[in-house]
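Below: one structure, written as structure tokens.
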Amino acid sequence: MSSPFDQSRYQVRLEWGDDGLARLAASGVVVVVDVLRFSSTVTTRVAAGGAVPLDAAAHAVSLNGAATCRAAAALDPAPIVLLGCLRNASAVAEAIADEQRRRGARTSIALIAGGELVPADAGAAARTARRFAVEDLLGAGAIVDALGVRGIDHTSPEAAAAGEAFRGLRAATRHLLAASGSGQELAERGAHDEVRAAAELDASTAVPVLREGVFVAL
875 MSSPFDQSRY QVRLEWGDDG LARLAASGVV VVVDVLRFSS TVTTRVAAGG
925 AVPLDAAAHA VSLNGAATCR AAAALDPAPI VLLGCLRNAS AVAEAIADEQ
975 RRRGARTSIA LIAGGELVPA DAGAAARTAR RFAVEDLLGA GAIVDALGVR
1025 GIDHTSPEAA AAGEAFRGLR AATRHLLAAS GSGQELAERG AHDEVRAAAE
1075 LDASTAVPVL REGVFVAL
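Set out below in structure tokens:
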């Protein structure tokens, strides 16, 4: 049954996490955007010729990003599941445009920003809430922008807002990632270089696609 929140009227949709994915209408392509650090890490490994199983080790890199990928893979009908980030935004958009041309019909796209899972309150550590993550908004927005360049621009209000946020803040992307909560957390672990690499727009042409439980190059 249709819902006011399923964004079914739009080709390009945006939600947050696996709970947001469940709210959206079925989409032909799902792009999981977890910039710090699941999407960026897997994109780098795939670009180097590797394959990344969606297993316990993947969940250890980022619990929410991996969980959203698993939820997307379990949907019926099964969508194409891709990983997107700032590093491969244009490559992801081009892959989606190619898929639309292959199908010969407009293809619906769900961009799922990971956000960050945090304890809901100090007294209930087992409960979690999803925190807004600026890096995922910018990553999703970069893909929205790149899709628009390719004429795929029938965006929901949520997706349009992400695209405008990216366009307006593009020049400050590196600073915003480093200054974000997630960026500072990684910096405290000595991963400054990882944060800087994640902020490099279109540094990679690799597009990880999930096939039989393993991310490989599309």
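For the sequence shown, the numbering used here assigns the number 1092 to the last residue and increments by one with no breaks.
Each residue gets a CB set at the ideal place from its N, CA and C atoms; glycine is no exception.
None of the values given here were measured: they were computed from a predicted structure.
- Setting aside the 5 residues that flank it on each side, PRO927 is surrounded in the same chain by GLY1087, VAL1088, each with a C-beta closer than 7 Å to its C-beta; the list follows chain order.
- For LEU937, same chain residues with a beta-carbon under 7 Å away, outside a window of 5 residues either side, are LEU991 in chain order.
- DSSP places LEU928 in no beta strand (DSSP E); its state is neither H nor E.
- Ranked by Cα distance from LEU1043, the options ASP1067, ALA1016, ALA946 are led by ALA1016.
- In the displayed model, ALA1003 falls within a strand according to three-state DSSP.
- Bounds of the beta strand (DSSP E) holding ALA1091 are 1088-1091.
- Look at PRO1082 here: in three-state DSSP terms it is strand.
- Of the residues assessed, GLU889 falls on the buried side of the cut-off, its CB having 16 or more other CB atoms within 10 angstroms.
- Contact between the stretch 900-908 and the stretch 953-969 is established, with three or more Cβ pairs separated by less than 8 Å.
- Judged by their CB atoms, ASP880 and SER964 are not nearer to each other than the 8 Å cut-off.
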